[in-house]
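Visitor:
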Amino acid sequence: MITKEDIDLYIKNIPATPSVVRQALEYVRAGDLPKAAKCAEEDPALKLYLKTLVNRPIYGFRNEVSDMSQIFGILGTSTAQQILYSYLMSLLVPKEWSLFSLSNQAFYDLQASLSRKWEKILKHLHLLNHDNESAITLLPASIIVCDALFAAHKNEVEQLRSVKALDYNTILQRLSKRSLFDICSDISVKWEMSSTISRIVYAASGTDLEIQGDEKILAKWMHLLLFYELSQSVYVSAGLNDFIDFHIDFVQDIYESFMQVVG
Amino acid sequence: MRATVKGRVGVFHPQGFLDGNNAPSYLTLEDIKATENLNIDMLLVSLKKVIFFNKNGLDVFIKLLINIRNQKHISVGLCDYDHTKFKTINSFYGDTLNFSLFLTEKIAELFAPNNKSDTRTVLLYNDDPSQRSAMAIELFDYGHNPIIAQSKKEFDEKKKSPDLYYAIIEDTYLGLFGQKIATRVTGNAIIYTIANFLDAEIGNTFNIAYHNNSLNVGFRLFIFDAYKVVSMNVHALNFFTKLASSAAEYNASICFVGLTFEKTPQSFKNDLEDAGMLFFDNMDDILKNKDLLQELGGSSATATKQIRTLNKALVNELPHFIDATVSTIAMMTNAQASKESMNVQILDVKNADNQYASSIGFYGDVDGMIILVFPKEIAKKACELLIGETTEDEETILDSLAEFVNIIGGRAKTLLAEKKHHVDITLPRTYPNVSSLMEMAQNKKGVQVNLSFEGSNFIFFLTR
Numbered sequence: 000m001i002t003k004e005d006i007d008l009y010i011k012n013i014p015a016t017p018s019v020v021r022q023a024l025e026y027v028r029a030g031d032l033p034k035a036a037k038c039a040e041e042d043p044a045l046k047l048y049l050k051t052l053v054n055r056p057i058y059g060f061r062n063e064v065s066d067m068s069q070i071f072g073i074l075g076t077s078t079a080q081q082i083l084y085s086y087l088m089s090l091l092v093p094k095e096w097s098l099f100s101l102s103n104q105a106f107y108d109l110q111a112s113l114s115r116k117w118e119k120i121l122k123h124l125h126l127l128n129h130d131n132e133s134a135i136t137l138l139p140a141s142i143i144v145c146d147a148l149f150a151a152h153k154n155e156v157e158q159l160r161s162v163k164a165l166d167y168n169t170i171l172q173r174l175s176k177r178s179l180f181d182i183c184s185d186i187s188v189k190w191e192m193s194s195t196i197s198r199i200v201y202a203a204s205g206t207d208l209e210i211q212g213d214e215k216i217l218a219k220w221m222h223l224l225l226f227y228e229l230s231q232s233v234y235v236s237a238g239l240n241d242f243i244d245f246h247i248d249f250v251q252d253i254y255e256s257f258m259q260v261v262g
Numbered sequence: 000m001r002a003t004v005k006g007r008v009g010v011f012h013p014q015g016f017l018d019g020n021n022a023p024s025y026l027t028l029e030d031i032k033a034t035e036n037l038n039i040d041m042l043l044v045s046l047k048k049v050i051f052f053n054k055n056g057l058d059v060f061i062k063l064l065i066n067i068r069n070q071k072h073i074s075v076g077l078c079d080y081d082h083t084k085f086k087t088i089n090s091f092y093g094d095t096l097n098f099s100l101f102l103t104e105k106i107a108e109l110f111a112p113n114n115k116s117d118t119r120t121v122l123l124y125n126d127d128p129s130q131r132s133a134m135a136i137e138l139f140d141y142g143h144n145p146i147i148a149q150s151k152k153e154f155d156e157k158k159k160s161p162d163l164y165y166a167i168i169e170d171t172y173l174g175l176f177g178q179k180i181a182t183r184v185t186g187n188a189i190i191y192t193i194a195n196f197l198d199a200e201i202g203n204t205f206n207i208a209y210h211n212n213s214l215n216v217g218f219r220l221f222i223f224d225a226y227k228v229v230s231m232n233v234h235a236l237n238f239f240t241k242l243a244s245s246a247a248e249y250n251a252s253i254c255f256v257g258l259t260f261e262k263t264p265q266s267f268k269n270d271l272e273d274a275g276m277l278f279f280d281n282m283d284d285i286l287k288n289k290d291l292l293q294e295l296g297g298s299s300a301t302a303t304k305q306i307r308t309l310n311k312a313l314v315n316e317l318p319h320f321i322d323a324t325v326s327t328i329a330m331m332t333n334a335q336a337s338k339e340s341m342n343v344q345i346l347d348v349k350n351a352d353n354q355y356a357s358s359i360g361f362y363g364d365v366d367g368m369i370i371l372v373f374p375k376e377i378a379k380k381a382c383e384l385l386i387g388e389t390t391e392d393e394e395t396i397l398d399s400l401a402e403f404v405n406i407i408g409g410r411a412k413t414l415l416a417e418k419k420h421h422v423d424i425t426l427p428r429t430y431p432n433v434s435s436l437m438e439m440a441q442n443k444k445g446v447q448v449n450l451s452f453e454g455s456n457f458i459f460f461l462t463r
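Just so you know, the protein sequences line up as chains S and V, in that order. Residue numbers for the first sequence follow numbering that gives the first Met the number 0, so the first one is 0 and each next one is one higher. Residue numbers for the second sequence follow numbering that gives the first Met the number 0, so the first one is 0 and each next one is one higher.
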């Protein structure tokens, strides 16, 4: 069905970080938001993305925010880095979703909703920093990769799933010895993201038994947050509810606190 | 969301949160239609991966389950929960609870027919004596050996030795059960348990699809355990007469055991005997009499008097069946199987040691059976995607092999549907060694295709 060669080809075809975004990220990391804003002005696609994102209802601004300096000022350094990574992710979003019945609008809503709730969680856990905040941007890459790799094998997966409840991540892991989260890690390397980001997202699959400490705490919250979002009607209808395996035991101990923070 | 079907049990596996807002999104109209068309005896919703649910969320699934139960007379319920969830579900539905609750899917499967002849010893406890008895009767009727704890104390004591039991049944509830006639397999005989007064309703409660499946996969002896039958009317008589006629096509034998004629007219017995039914006083009169068992077809399919031969319609579809097999192997392993040779012959298995076999029947516009014989290592490799980890457990491998053959059957069905041929597939059957396969398949002429996969050979055999 899907071979290691298919995966290698997919990763090879992922575009490198555009120079404007790389430059903007460097300014953001250095805390120089005006220069980052000026840099973003040069890329119309990035500008449109930032404008559309920040003006989503979830950000709660009454009036339209359109000036780049204003946008970067509102976001702050951590969120600006996170949103620049989200923009990178948007470059991978397919024009038309094949496997999942998803629209790009719904996908961007998912990205935005995950980001806002993740920020709340990090504040609750007192673990808010640049990399932790940006980690959430890599998570939806698993959905994009899954759609791209399995699109041509929809019927085969349906037949397989008619006899056994297997999620896409498990099927991929068993066929190619690489999971969707391994591929997310590869993407993060290609985009020069911090290794902390890829470790947290990898552990958020709920299958990394080695992880310890704060990264384990973050992985648990991210795993539950993902399933909280994927249980929303629109994503259930899109077929996203069972694209990876929900590890209920992994998150059981944080459920009550999670519902107080997010629910 | 579609139900996963294992044997004759369909299960939905929602994940995450289940409430009144999102639950309707799990079931599209197509999903509901596909579920209604499933050929199953039990439909369940697994709560294993549901971290939160409320009554409105459950109600969406329960409504579907009850509708399907009303249409198809199958058992329905929830499974895979812990003690807390069990208490919550009971508090939601209280006295109106009219569906079943099974602690695990494995426990639920004990209450559904399959085509394995294993008797499972299970430990059983329920606070409610009537539930306890109902479960014990159902388990017994399905061929299992329930050990019933009469008190919580006795149950806790017995529970300390879990290795003695296949399953420990607690936090389980049977709601409106016994809608279908219980079925079990003993060797090569199928036993149906019937009870009380038999009338026109038997047409609904008898699982005719399972019966036809069994005929198609080679079972030739069917026994009605009728010890608990009080009487029957003319509608039931007609039903059994028709059943006898269809069995005659396959040279199958149908017997009644323990049926008395105190309240049933003696003329009914004569009519049934004329139709070819046989009557015995005790089950052991058949099962312990090897010569009789051989004559009736319950020891092996070799007792079949007429052998159904290959026909043109079936041979014309051979490429579809081979395609389905080869493409399934490619899908499951990312490796290609290639055709080595093909002959019309009696099944010939060289190096019969260390091989597993499986079969699946199909019927409809064309009918027949696919048999696959694999070296054990190749079978494991082919099922790796389904098993997921290296295992030497024969039962796990054979179960996965059954799922594997089921996928092949499903693909063949799809390929034939593209040519406007409608077929249904039977339950898959697996054989831990070639000799048990040969009991069923010897003397059957068919098309034997020797296929090569990763340096080893395996056999595809298409027959009727």
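Think of the CB as a built atom: it goes at the ideal place given N, C-alpha and C, for glycine as much as any other residue.
For the alpha helix (DSSP H) that P128/V lies in, which residues bound it at each end?
Guide: P128/V -> alpha helix (DSSP H) spans 128-140.
Visitor: Quick check on L109/S: buried or exposed, where buried means 16 or more other Cβ atoms within 10 Å of its Cβ?
Guide: Looking at its Cβ environment, which holds 16 or more other Cβ atoms inside 10 Å, L109/S is buried.
Visitor: Here's a check: name, in chain order, each residue in its chain whose Cβ is nearer than 7 Å to the Cβ of T303/V, leaving out the five neighbours to either side.
Guide: Confidence in T303/V is poor, its pLDDT being 48 and thus under 50, which makes the residue's placement unreliable; the coordinate value appears in the next sentence. If we look at T303/V and ignore the five residues flanking it on each side, its Cβ neighbours are R219, N250, G296.
Visitor: Got a sec? Which residues, its chain only, sit under 8 Å from V19/S by beta carbon, not counting five neighbours each side?
Guide: Cβ within range, chain order: C38, A39, E41, D42, L45.
Visitor: With a threshold of 7 Å between beta-carbons, can T2/S be considered close to chain V, or not?
Guide: True, the Cβ-Cβ gap to chain V drops below 7 Å.
Visitor: Output, in chain order, the set of chain S residues within a Cβ distance shorter than 7 Å of N333/V.
Guide: Ordered by position in chain S, the residues that pass the 7 Å Cβ test against N333/V are M0, T2, L174.
Visitor: Which residues, in chain order, does the segment 141-165 of chain S contribute to contact with chain V at a C-beta distance below 7 Å?
Guide: Answer in chain order: E155, Q158, L159, R160, S161, V162, K163, A164.
Visitor: Would V97/S count as contacting chain V if we go by Cβ distances under 7 Å?
Guide: Here residue 97/S turns out to be Ser, not Val, going by the sequence shown. Closer than 7 Å: no.
Visitor: Taking 7 Å as the CB-CB limit, is F52/V close to chain S?
Guide: No, its Cβ sits nowhere closer than 7 Å to a Cβ of chain S.
Visitor: Taking the runs of the alpha helix (DSSP H) that are 4 residues or longer, which of them lie wholly in the segment 66-122 of chain S?
Guide: Entirely contained in the segment 66-122 of chain S, the alpha helix (DSSP H) runs reaching 4 residues are, in chain order, 67-89.
Visitor: From E35/V to F60/S, what does the alpha carbon distance come to, in whole angstroms?
Guide: E35/V and F60/S: Cα-Cα distance of roughly 48 Å.
Visitor: What runs of the alpha helix (DSSP H), each 4 residues or longer, lie entirely inside the segment 28-61 of chain V?
Guide: The segment 28-61 of chain V contains these whole alpha helix (DSSP H) runs: 28-35.
Visitor: Starting from D213/S, find everything on chain V with Cβ-Cβ shorter than 8 Å and list it in chain order.
Guide: Correct list: empty, because the minimum Cβ distance to chain V is about 23 Å.
Visitor: What three-state label does DSSP hand Y226/V in the structure shown?
Guide: Note: Y226/V maps to strand in three-state DSSP.
Visitor: Would the beta-carbon of Q130/S fall within 7 Å of that of T51/S?
Guide: Note that residue 130/S is Asp in the sequence shown, not Gln. It is not a contact, given that the beta carbons lie outside the stated cut-off.
Visitor: Can you give me the start and stop residues for the beta strand (DSSP E) that M341/V sits inside?
Guide: M341/V -> beta strand (DSSP E) spans 336-345.
Visitor: Does any residue of chain V have a CB that is nearer than 7 Å to the CB of S100/S?
Guide: No, no contact with chain V.
Visitor: DSSP three-state call for N195/V: helix, strand or coil?
Guide: The answer is strand: DSSP assigns N195/V an E or B state.
Visitor: Does DSSP classify Y362/V as helix, strand or coil?
Guide: Three-state result, Y362/V: strand.
Visitor: Residue range of the beta strand (DSSP E) that S455/V falls in?
Guide: That run of the beta strand (DSSP E) goes 455-462.
Visitor: In the DSSP assignment, what residue or residues form a beta bridge with R428/V?
Guide: For R428/V, which the question treats as bridged, DSSP gives the partners S358/V.
Visitor: If we require 4 or more residues per run, which alpha helix (DSSP H) segments fall completely within the segment 181-230 of chain S?
Guide: Qualifying alpha helix (DSSP H) stretches, in chain order: 194-202, 212-229.
Visitor: Against chain S, with Cβ distances strictly below 7 Å, would G257/V count as a contact?
Guide: Cβ-Cβ to chain S under 7 Å: no for G257/V.
Visitor: Using 7 Å as the limit for Cβ to Cβ distance, is I39/V near chain S?
Guide: No, I39/V does not count as interfacial toward chain S.
Visitor: Would a C-beta distance cut-off of 7 Å place A243/V and I193/V closer than the cut-off?
Guide: No, the pair does not count as a contact, with Cβ atoms beyond the cut-off.
Visitor: Which residues, in order along the segment 228-241 of chain S, keep a beta-carbon less than 7 Å from a beta-carbon of chain V?
Guide: From the segment 228-241 of chain S, only L229, S230, Q231, S232, V235, S236, N240, D241 have a Cβ closer than 7 Å to chain V.
Visitor: Taking D487/V as the reference, give the member of M341/V, D322/V, I424/V with the closest Cα.
Guide: Absent from the structure is residue 487/V, since the part of chain V shown begins at 0 and ends at 463.
Visitor: Return the Cβ separation of S45/V and E108/V in integer angstroms, given the expectation that the two are a contact with Cβ distance under 8 Å.
Guide: The Cβ separation is near 12 Å, so there is no contact.
Visitor: For D130/S, which of helix, strand or coil comes out of DSSP?
Guide: Helix.
Visitor: Grab the span of the beta strand (DSSP E) containing N144/V for me, first residue to last.
Guide: Segment 144-147, the beta strand (DSSP E) holding N144/V.
Visitor: Closest to S89/S by CA distance: which of F106/S, T78/S, E155/S is it?
Guide: That would be F106/S, whose Cα lies nearest to the Cα of S89/S.
Visitor: Three-state secondary structure (DSSP) at G202/V?
Guide: If DSSP states are grouped into helix, strand and coil, G202/V belongs with the helices.
Visitor: Closer than 6 Å by C-beta to Y85/S: which residues in its own chain qualify, once you throw out the five before and the five after it? Chain order, please.
Guide: Reading the sequence as shown, one finds Ser at residue 85/S and not Tyr. Result list for S85/S: Q110, T136, in chain order.
Visitor: Using the beta-carbon count (16 or more within 10 Å), is F245/S buried or exposed?
Guide: Result: buried.
Visitor: Please list the residues of the segment 62-93 of chain V that have a C-beta atom closer than 9 Å to any C-beta atom in chain S, keeping them in chain order.
Guide: For the segment 62-93 of chain V, which is checked against every Cβ of chain S, not one residue is closer than 9 Å.
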